[in-house]
Ligand SMILES: *Cc1c(COP(=O)(O)O)cnc(C)c1O
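In the working numbering, the protein residues as written are 85 to 444.
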């Protein structure tokens with residue numbers, strides 16, 4: 085039997101989903117089966133958007149699979165990794181019964197999707213240590229087992245904390261939860277990190293799923309293209325729960341252009357620049373007198389504690405710089421998250437904070 089099927093909601097195990105016009109394997113040269121227009125809209129240049137798209141545009145799926153080093157059937161393309169998070173929670177968690185584990189302070193969508201599905205939320209806080217925040221994998225294992233979790237969301241590199249989780253720890257957690265829960269590794273910022281992807285663990289661990297996105301390093305947030313990578317049975321189930329045509333043709337075309345060899349070469353250059361600027365910004369912030377702590381980061385952002393976070397936030401705003409206020413997040417009552425921008429933008433951040441110190 086499949087390694088994953090027992091983890092799927094019992095009422096969805098034989099769910100076939102919506103049978104769209106595109107998903108049937110019919111042949112012909114006059115397509116009159118989907119109530120589409122016989123004529124293109126003049127606004128639609130080459131007429132590529134006249135017909136419903138393939139639910140999983142094959143060229144895009146193949147290119148993404150190549151990019152992430154997995155088989156096309158191990159990957160589902162969706163509307164950002166946000167949709168993948170929602171699909172995982174809906175497909176695996178029986179409302180009021182099957183919990184999800186999260187590690188605050190962390191990206192908010194896991195809790196939002198749990199709430200929408202009525203899945204209990206189990207929080208295992210990150211631990212703030214000398215090297216930065218880290219996930220308490222032992223406590224996560226205990227909580228997942230004792231609270232009947234079906235999903236564990238690990239964010240690596242962590243948004244907003246910036247730290248990555250060692251793969252050996254993720255593998256051990258997945259081993260301990262095999263047959264009981266899926267360990268989801270959200271690698272939205274994986275391109276900015278030093279280490280390898282958790283996709284390298286998939287062969288040995290059928291209960292790991294990895295989230296990747298074109299929204300951050302690939303600079304295509306508005307195209308809304310993200311993927312979940314995992315066991316092929318899990319991918320099949322998630323696709324059946326997904327909307328019929330989740331990948332708009334203009335978005336697929338844009339993503340494919342962005343993933344061309346030339347596009348990827350430029351993305352690699354931007355990533356290298358962001359990593360250099362991340363180091364520079366970290367050094368400059370660490371020397372800014374109002375800064376209590378700058379956390380090392382494997383992402384394209386820095387988490388910073390201030391003696392007066394409110395004042396720093398206002399000083400940045402007054403200089404026209406908008407950063408993310410983290411003060412409502414657990415353990416982050418004095419912290420802001422600053423995205424690494426262009427060299428000029430980072431200079432403005434540094435100047436605004438240093439000017440504030442001179443004024444004080
Ligand atoms: C930005 C972000 C996402 C959302 O990615 P989309 O693909 O744009 O939906 C997912 N996870 C984390 C941790 C993020 O920070």
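Don't be surprised by glycine CBs; every beta carbon is placed ideally from N, CA and C. Note that the structure is a prediction, hence the values are computed from the model and not measured.
Of the residues the options, which one's Cα is nearest the Cα of residue i?
i: residue 194; options: 211, 236, 418; result: 236
i: residue 298; options: 361, 177, 339, 220; result: 339
i: residue 206; options: 224, 215, 217, 219; result: 224
i: residue 288; options: 256, 300, 435; result: 256
i: residue 388; options: 258, 232, 217; result: 217
i: residue 165; options: 212, 337, 126, 293; result: 293
i: residue 179; options: 168, 204, 427, 158; result: 204
i: residue 228; options: 196, 252, 266, 161; result: 266
i: residue 374; options: 353, 333, 420; result: 420
i: residue 105; options: 86, 125, 135, 122; result: 135
i: residue 410; options: 392, 426, 269; result: 392
i: residue 316; options: 125, 155, 143, 111; result: 155
i: residue 269; options: 263, 278, 260, 251; result: 251
i: residue 247; options: 258, 230, 215; result: 215
i: residue 230; options: 87, 261, 303; result: 261
i: residue 438; options: 152, 403, 112, 333; result: 403
i: residue 334; options: 133, 356, 103; result: 133
i: residue 94; options: 222, 177, 279, 150; result: 177
i: residue 202; options: 212, 182, 150, 219; result: 182
i: residue 376; options: 360, 416, 412; result: 416
i: residue 238; options: 348, 209, 356, 395; result: 209
i: residue 152; options: 367, 422, 394, 348; result: 348
i: residue 291; options: 146, 372, 258; result: 258
i: residue 149; options: 321, 283, 371, 372; result: 283
i: residue 99; options: 170, 408, 371, 321; result: 321
i: residue 232; options: 211, 371, 263, 200; result: 263
i: residue 200; options: 372, 371, 131, 170; result: 170
Note down the Cα distance separating residue i from residue j, rounded to an integer number of angstroms.
i: residue 140; j: residue 325; result: 13 Å
i: residue 383; j: residue 276; result: 5 Å
i: residue 501; j: residue 249; result: Any property of residue 501 remains undetermined from this structure, which presents the chain solely from 85 to 444.
i: residue 414; j: residue 365; result: 25 Å
i: residue 189; j: residue 120; result: 47 Å
i: residue 186; j: residue 244; result: 13 Å
i: residue 521; j: residue 97; result: The structure shown does not extend to residue 521, since the chain is modelled only from 85 through 444, so no value can be given for it.
i: residue 440; j: residue 300; result: 30 Å
i: residue 175; j: residue 118; result: 28 Å
i: residue 427; j: residue 341; result: 26 Å
i: residue 329; j: residue 162; result: 9 Å
i: residue 142; j: residue 172; result: 22 Å
i: residue 281; j: residue 274; result: 7 Å
i: residue 327; j: residue 92; result: 18 Å
i: residue 128; j: residue 346; result: 26 Å
i: residue 226; j: residue 122; result: 58 Å
i: residue 108; j: residue 114; result: 15 Å
i: residue 102; j: residue 220; result: 40 Å
i: residue 357; j: residue 147; result: 24 Å
i: residue 350; j: residue 116; result: 42 Å
i: residue 137; j: residue 305; result: 20 Å
i: residue 408; j: residue 395; result: 14 Å
i: residue 196; j: residue 131; result: 38 Å
For residue i, count neighbouring Cβ atoms within 10 angstroms of its own Cβ and tell me buried if that reaches 16, exposed if not.
i: residue 234; result: buried
i: residue 430; result: buried
i: residue 308; result: buried
i: residue 90; result: exposed
i: residue 144; result: buried
i: residue 191; result: buried
i: residue 242; result: buried
i: residue 381; result: buried
i: residue 271; result: buried
i: residue 278; result: exposed
i: residue 323; result: buried
i: residue 126; result: exposed
i: residue 367; result: exposed
i: residue 296; result: buried
Can you round the beta-carbon distance between residue i and residue j to whole angstroms, since I take them to be within the 8 Å contact cut?
i: residue 285; j: residue 319; result: Contact flag wrong, Cβ pair sits at about 16 Å.
i: residue 406; j: residue 436; result: No, residue 406 and residue 436 are not in contact; Cβ-Cβ is about 11 Å, not under 8 Å.
i: residue 160; j: residue 331; result: That belief does not hold up - the Cβ atoms of residue 160 and residue 331 are roughly 10 Å apart, past 8 Å.
i: residue 433; j: residue 400; result: 7 Å
i: residue 386; j: residue 369; result: 7 Å
i: residue 198; j: residue 184; result: 5 Å
i: residue 313; j: residue 87; result: Their Cβ separation, rounded to whole angstroms, is 15 Å, which puts residue 313 and residue 87 out of contact at 8 Å.
i: residue 418; j: residue 397; result: With a Cβ gap of about 11 Å, residue 418 and residue 397 do not count as contacting.
i: residue 424; j: residue 362; result: 5 Å
i: residue 303; j: residue 359; result: Contact doesn't hold; Cβ gap of about 15 Å is too wide.
Does residue i come within less than 8 Å of chain D when only Cβ atoms are used?
i: residue 251; result: Of the chains in the structure shown, none is chain D; there is only one protein chain.
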